[in-house]
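Since the structure comes first, as structure tokens, the remarks are kept for the end.
Shown next as structure tokens:
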């Protein structure tokens, strides 16, 4: 009797659930992205382009509280330590930098001076000496003026071994060595500046490098150049309460729960070509995971109506978003610069024909489907992502959408190589590895999947002598130039024992020489050369199999306006955000 | 009484020490190296090693353990990278969160307490009440319905129930707000509203189990001779059931409840993850995933403290409830 | 959640009160009366009582079906024609959702396909039942065995031995299980197998069983210890001791036969707890590799799809519910049948 009651109740419930699934899925869908959208980038040398105010956003209204949803806390608020996407994009609200990008949200970026009047003057024309003139009228949150001294101090403190986490370009370039924290000791030189950095007067900041560093204007756009008065340096505690130079200042911070930013009255829009100050407050709310964030924002009630779910729509909810035009309107969809590739360990898989066979056998469509289709990823056949300046599409090993096992078998000529595919043990990574294994085995490979704990994964594949053959690796450049991608990933001279980025361990003298040649060129001329080099590396060496470029689909409430996905990092940008009244 | 307390206290301390050693050993079984997470893109071996020395990770393990335990009792100096002087009880400085573990606890403990304690009151009251009433009215419709209810929920999965409730109440019917933690001192109404779903889920699941337990226990007690004697002597039903039967039936429930609440306070990971709450359980899981030794040690120790204290409280309660139990 | 079925049974003592046929009926079942009452062994009595209890029959049959399904998994696969790791990504639409009705249910794929991956749900569930039952039964057997041995020793010998075992129990109870599992399981295999070796499924399953066993024995140990403590002052124990029985004989020939009833009940209720436990570990991402069919992983993954592919939630969710429910019902019925004093 009991059993019958229970089963009856259970059956009714189950039926109700299943009935929700009774419509047919015919698989029709429209395209949402142009994967080959050409992106343009420029460096604006005319000081007029670096002057504020930033162009008004059509329809923007002042006032209101803008909510930002995020799962885990931002690891570093301290601008000199920020390196995660959330940290970088979030810091734009309270930290101004020497240079910055104006971004139209459609892939067109221009480097302009933010605190500087121009994106830097190449004094001797050899990229070894750079000078920046600091604007007038730029102030901190307490009204004190920002001068070259405060910016120099900000760069100097990034040398401190206590303040780890941020990018290390400026430090390494100034000190001339990767061991910059011992080459110049911040703690022991409280009144001096690192070698090569000087402030001839309050309005001038001067960099002198031993090597040519033509990318300095780009590197200066990272928050490492955010200013800080020495009196306000609270060391590791700055992570909880940074001192603002931007349109907003931090007024309340409960780590892991909430971060509140309110207007900085001393910010002058006429000096800022990038940012706006529409909402009265920004409130970051932490804790909800991707699914919860997306559901809240779709429900669009209460505070969530003016919220953005920075955790992208997960693959499980993509069809909900895609199938509902009302929700789709409130969704930003954009490709990111984050390119995923199947790295091949060239010291283990030494035969080029085997590597080429892998390239032919790979089934990109199954991987992309697993990520939510075009809402999660776009298949890619190039090492450089389309976001790179000067990008050109090419396919060295045409495999069609689902792979060409026939052609791969031909190349293998009867061999059945056994390869070990190492993967992070997160579910998404394991599923992706499963797709790769299935595709390669159709061509005759024998693949062993080896899961390793997620937090040890990057350490493992970045070791020079790791025992694995293939794995999925990703790279997102810090600025959209091939110079920040190809030499880092494929120059044999940069191979390190640990923390190595050239995971394919390609070391070809011809290619290395090409890198040197192109890096010495003018940044604008470089753009075209990088895509040519991309094709050449693939055709001659095939050190990896380009898989896909990550696409983010970010949902927001109906009152959240002015949002776009930043083209540099592929993450939500808040500089134009406003609350619809 | 005093001797009993002293003996139990010493025992509890020895258990906690054993747990601390195991937790410490656990950390070194982990593959995750927290230091490499500190400089993601461009790090080299020498810098990493300097960071490791600064954090004390290159010291011999016994020394690291001793330093950590010493810090809990008298405090210690963590160095400039970790906030300097750390007063007792010093739980360390989280490598990953860039804050002292004590601050982390100040943030996450109220969340777990807010989830578990009211839910425990609910599930005990509901479960034991339902079970007792069910036993008293054996065979009636009420009994049958309650048995069906308890069987159903005792056979379900916590995250399943939680996810379904979320879907129904929050996303589809929209009558409840998304579960979130607001300090009850700031806004009691928002606090309660934000916690309703976790309370409901835990109450449904656990009250089913306690109802079964209570019912079985009550039925057995009601069969005892002394109940029949009391009724035969003419004692009113209410006194017999309320005072005598309840007292006898409650002891095993108290044992189990104590252990349950104690371990739940250590962090209900699944509930917290399902509802997106940043509580002790989730913090512990993330700490393990990222190899954050100070946080791992502190959360494991705290969870153990909760269990040990709960056991002690249960033993004391026994003395009050069951006169046959003598302490010592 | 710490309420182990062992504790549950311990709390209810060795005389749980739940409906069961009364003694008079048993006498009636005894068959035709020749010279007085026909003696029947406890086993026969219990079987008879179970046969009369409808709930026990239904739940027992369901359990038997599950076990058969698990054992016959390879045969079913051969008849069904689809393997658990075969992918049908061309039957998914561009966002990874299965084409067709109800999550891709069709004549070839009885329960549809997994969204995003494209594997057949039915055959993965059949193998998933196999894995889950294997882990649950294995863990239950080991924890019960270990708990019985330790509980008997502690309860009978008392004194220092008892104190030590109780202390170890306290430590095991104070350690948070999930954290421990999270730390140990992912790295366990790395200690036994080289970096390039494939981990066999049986090793992964074994790891989970070992981890469960390391914590699960405490419930049974406490239960058994309680029972033995109350039994050791009885006359039959004194008599055996006076007759010169050795320790082993005392423990396993005198005491054990008197406490097997609550142990059996505790065992039957531990099994579903481990089915749930394996599912909970999968929830945290700990457990078996992704390619091995697992109930827990499938349910956990399916919950995120509850809005977009409810059929994917329905099939494994209902199945695990029925499995755990059947265990609970059967455990209850078993307890009723084992108790000579309970009355309906």
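Chains as they are written, first to last, in the numbering used here: chain S, 1088 to 1668; chain E, 6 to 333; chain L, 57 to 400.
The beta carbon of each residue, even a glycine, is placed where N, CA and C say it ideally should be.
Residue i: contacting residues in chain L (beta-carbon distance under 8 Å)
i: residue 290(E); result: 234, 235, 238, 340
i: residue 1518(S); result: 172, 173, 346
8 Å Cβ cut-off: residues of chain E touching residue i
i: residue 1153(S); result: Within 8 Å Cβ-Cβ: nothing; residue 1153(S) doesn't reach chain E, min ~18 Å.
Proximal residues to residue i (C-beta, below 6 Å), its chain only, five neighbours per side dropped
i: residue 268(E); result: 312
i: residue 1495(S); result: 1444, 1447, 1448, 1530
Cβ-based burial, residue i [other Cβ within 10 Å; buried from 16]
i: residue 28(E); result: buried
i: residue 1644(S); result: buried
i: residue 1537(S); result: buried
i: residue 1596(S); result: exposed
i: residue 1266(S); result: exposed
i: residue 1127(S); result: exposed
i: residue 226(E); result: buried
i: residue 26(E); result: exposed
i: residue 1135(S); result: exposed
i: residue 97(L); result: exposed
i: residue 308(L); result: exposed
i: residue 388(L); result: buried
i: residue 6(E); result: exposed
Under 7 Å from the C-beta of residue i: neighbouring residues of chain S
i: residue 176(E); result: 1382, 1386
i: residue 363(L); result: 1404, 1407
i: residue 243(L); result: 1540
i: residue 154(L); result: 1112
Neighbourhood of residue i by C-beta distance below 8 Å, restricted to the same chain and skipping five residues each side
i: residue 116(E); result: 186, 277, 282, 283, 284, 285
i: residue 13(E); result: 317, 320
i: residue 259(E); result: 319, 322, 323, 326
i: residue 200(E); result: 119, 120, 123, 184, 186
Proximal residues of chain E, C-beta to C-beta of residue i below 7 Å
i: residue 1585(S); result: 50
i: residue 40(L); result: In the structure as shown, chain L starts at 57 and stops at 400, and residue 40(L) therefore has no counterpart that could be examined.
Own chain residues within Cβ distance below 7 Å of residue i, not counting five before or after
i: residue 1547(S); result: 1509, 1539, 1553
i: residue 1393(S); result: 1151, 1152, 1153, 1154, 1644, 1646, 1647, 1666
i: residue 1274(S); result: 1247
Backbone CA spacing between residue i and residue j [nearest angstrom]
i: residue 300(E); j: residue 293(E); result: 8 Å
i: residue 1599(S); j: residue 1366(S); result: 49 Å
i: residue 1396(S); j: residue 1565(S); result: 23 Å
i: residue 181(L); j: residue 83(E); result: 52 Å
i: residue 1251(S); j: residue 1210(S); result: 31 Å
i: residue 307(E); j: residue 218(E); result: 29 Å
i: residue 242(L); j: residue 190(L); result: 20 Å
i: residue 204(L); j: residue 289(L); result: 19 Å
i: residue 391(L); j: residue 221(E); result: 11 Å
i: residue 168(E); j: residue 107(E); result: 32 Å
i: residue 1501(S); j: residue 173(L); result: 29 Å
Cβ of residue i within 7 Å of any chain B Cβ
i: residue 1374(S); result: In the displayed structure, chain B is absent; the protein chains listed are S, E and L.
Proximal residues of chain L, C-beta to C-beta of residue i below 9 Å
i: residue 1461(S); result: 150, 151
Within chain L, the residues that residue i reaches when beta carbons sit closer than 7 Å
i: residue 275(E); result: 336, 339
i: residue 27(E); result: 231
i: residue 1525(S); result: 143
Proximal residues of chain S, C-beta to C-beta of residue i below 9 Å
i: residue 254(L); result: 1507, 1535, 1536, 1537
i: residue 251(L); result: 1507, 1509, 1537, 1539, 1547, 1553, 1554, 1555
Closer than 7 Å between beta carbons: that is the criterion. Which residues of the stretch 134 to 164 of chain E meet it against chain L? 156, 159, 160, 161, 162, 164
Taking only beta carbons into account, state which residues of the stretch 308 to 322 of chain L come closer than 7 Å to chain E, listed in chain order. none
Closer than 9 Å between beta carbons: that is the criterion. Which residues of the stretch 1429 to 1446 of chain S meet it against chain L? none
Selection of the stretch 1255 to 1283 of chain S by Cβ proximity to chain E, strictly under 9 Å: 1255, 1256, 1259, 1265, 1266, 1267, 1268, 1269, 1274
Short of 8 Å Cβ to Cβ, which residues in the stretch 212 to 232 of chain L face chain E? 223, 226, 227, 229, 230, 231, 232
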